[in-house]
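Take a look at the structure set out below.
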Amino acid sequence: MKQRPRVLTVLLAVVLGLVTLTGCITVPSVTPSEAVPTSTEPPVPSEYIDPSWTFPSAPSSEKEDLPAIADVVRTVRPAVVSVITEMVGHDLFNQAYTQEAAGSGVIMDNEGYIITNNHVVEGASNIQVELVDGTKYSASIVGTDPLTDLAVIRAETGGLPYASLGSSDDLVVGEWVVAIGNALGEGISATEGIVSRLNVSITVGGNTLRDLIQTTAAVNPGNSGGPLSNMAGEVIGINSVKVADIGVEGMSYAITIDGARPIIQSLVNQGYVTRPWLGVSLYTVDSFTATVNKLSVDEGALVVEVVGGGPADTAGLEKGDVIVEFDGATIENVDDLLQGIIGSEVGDVVPLTYVRGEERLTTSAQLRESPPPWD
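At position 149 of the sequence shown (counting the first as 1) the number is 1429 in my numbering, and the numbers step up by one without a gap.
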């Protein structure tokens, strides 16, 4: 069976191998005849987008470390939720069925906004959140960002306990941290560990997550989206990735809360994250891809799709071109190009070198602001 290429618009998927996303335990449920076919409707803006929303004010006095790990858990655990999703899939006979998945989230204000991972809620047709005491509420997606694996959902209620957000910039290697979440889908539990490394990058499913916290705190399927807390009971990371292989122990990764803040702010304020935009879907070129597609180069970013009227289209790029340089930097894969675009500014005119057939050509593209996903 021909595999569908992983393009830039589909950035994160759970993979089998050394590095895996820590979230979702999936269990098939409803029989195919009872399932509803997957909707092909484009996404629409959430009713919970709030342009005026801001993070709750931090306490005026600096927090001190709590006496024991039990005190940290007692402080943070009431704001941690199990995120239970239903997703629609299709079997080999194209019959629809639903399956449930379990992840975690952390409440960040008294209006019911909850931070979680994109891969926890991606493709969900129904979402519920369950508090530590077993109370359940329906929830809706406010916005998602596959590039950073972050998402914001909102519970259909307010007045819930919420966690204090700390600063990950203050972390040091060797510091004690606590991971709390819905491990293995069995309810909210806690594990402790230390910070092993800072500013770590990990590639998962073709997408590179950056500025991660590596920790020895044990995380398992279902932990994704839950908080990593410091000893003051503040959230300093969002658990996302672990290394799972024979002989490998104690290598889990969390998204820094300082890196997550502007993403979360944008998701609540407008439902998506604004970045510079080239207007293409891409696939990394390697020797296999080059052979199958009869390309004259064996590295670069293959243009799979060009958005009509977008910057790339205006610059003359076409499907099948391979971008090999961006703004003077060599492009070996999609991530190289993606980081080049993100590192630019909206409105920048950047030179591009690309290969079409046997020809090496140059052009320039003016980057625009990324459009809303529902446009």
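Using N, Cα and C, we set each Cβ at its ideal position, and we do this for glycine too.
Could you say which of 1365, 1583, 1609 lies nearest to residue 1380 if we only look at CA atoms? For the purposes of this step, residue 1380 is taken as the residue at position 100 of the sequence shown. Per the Cα distances, 1365.
In three-state DSSP terms, what is residue 1441? In the sequence shown, counting from the first residue as 1, residue 1441 sits at position 161. Correct three-state label for residue 1441: coil.
Cβ of residue 1604 within 7 Å of Cβ of residue 1629? Within the sequence shown, residue 1604 is the residue found at index 324, counting from 1. Within the sequence shown, residue 1629 is the residue found at index 349, counting from 1. Going by C-beta atoms, residue 1604 is not nearer than 7 Å to residue 1629.
For a test of the three-state rule: what should DSSP assign to residue 1497, helix, strand or coil? As a first step, residue 1497 must be located in the sequence shown, where it is residue number 217. Coil.
Rounded to whole angstroms, what's the CA-CA distance from residue 1328 to residue 1422? Just pull it up for me. The sequence position of residue 1328 within the sequence shown is 48, counting from 1. The sequence position of residue 1422 within the sequence shown is 142, counting from 1. The straight-line gap from Cα to Cα measures roughly 6 Å.
Quick one: is residue 1510 buried, meaning 16 or more other Cβ sit within 10 Å of its Cβ, or exposed? In the sequence shown, the residue the question calls residue 1510 occupies position 230. Buried, because 16 or more other Cβ atoms sit within 10 Å of the Cβ of residue 1510.
To which residues of the same chain is residue 1654 closer than 7 Å at the C-beta, ignoring the five residues directly before and after it? Position 374 of the sequence shown, counted from the first residue, corresponds to residue 1654. Hits under 7 Å: 1322, 1323, 1324, 1325.
Using a Cβ distance threshold of 8 Å, determine whether the stretch 1549-1569 contacts the stretch 1467-1479, with at least three qualifying pairs required. no
So residue 1394 and residue 1434 are supposed to be a Cβ contact under 8 Å. How far apart are they, rounded? As a first step, residue 1394 must be located in the sequence shown, where it is residue number 114. As a first step, residue 1434 must be located in the sequence shown, where it is residue number 154. Sure, about 7 Å apart at Cβ, within 8 Å.
Which first and last residues belong to the beta strand (DSSP E) in which residue 1606 is found? Walking along the sequence shown from the start, residue 1606 turns up at place 326. Taken as a continuous stretch (DSSP letters only), the beta strand (DSSP E) holding residue 1606 covers 1602-1606.
Beta strand (DSSP E) segments (min. 3 residues) lying fully within the stretch 1397-1467: 1404-1410, 1416-1425, 1430-1435, 1456-1461
Beta-carbon proximity list for residue 1595, same chain, < 7 Å, skipping 5 on both sides: For the purposes of this step, residue 1595 is taken as the residue at position 315 of the sequence shown. 1632, 1643, 1644, 1645.
Distance, residue 1598 Cα to residue 1649 Cα: Your numbering for residue 1649 matches position 369 in the sequence shown. Your numbering for residue 1598 matches position 318 in the sequence shown. One C-alpha to the other measures close to 21 Å.
Could you pull out every residue in the same chain whose Cβ sits closer than 7 Å to the Cβ of residue 1352, ignoring the five residues on either side in sequence? The residue you call residue 1352 lines up with position 72 of the sequence shown. If we look at residue 1352 and ignore the five residues flanking it on each side, its Cβ neighbours are 1346, 1458, 1509, 1511, 1513.
Once DSSP output is grouped into helix, strand and coil, what is the label at residue 1313? Position 33 of the sequence shown, counting from 1, holds the residue named residue 1313. Here the model assigns residue 1313 a pLDDT of 34, short of 50, so the residue's position is not dependable and the matter cannot be decided.
Cutoff 8 Å; reference residue 1693; Cβ partners in own chain excluding five residues on either side: Nothing can be reported for residue 1693: it is not among the residues displayed for the chain, which extend from 1281 to 1655.
Using DSSP with H/G/I as helix, E/B as strand and the rest coil, what is residue 1338? The residue you call residue 1338 lines up with position 58 of the sequence shown. Residue 1338: coil per DSSP, three-state reduction.
Output needed for residue 1590: all residues of its chain with C-beta closer than 6 Å, excluding positions within five of it in sequence on either side, in chain order. Translated into positions along the sequence shown, residue 1590 becomes position 310. Same-chain partners within the cutoff: 1559.
Considering only residues of the stretch 1510-1595, which uninterrupted beta strand (DSSP E) runs meet the minimum length of 3 residues and lie entirely inside it, listed in chain order? 1514-1523, 1532-1536, 1560-1565, 1580-1586
Please confirm whether residue 1581 and residue 1614 have their CB atoms less than 7 Å apart. Locating residue 1581 in the sequence shown gives position 301, where the first residue counts as 1. Locating residue 1614 in the sequence shown gives position 334, where the first residue counts as 1. It is a contact, given that the beta carbons lie within the stated cut-off.
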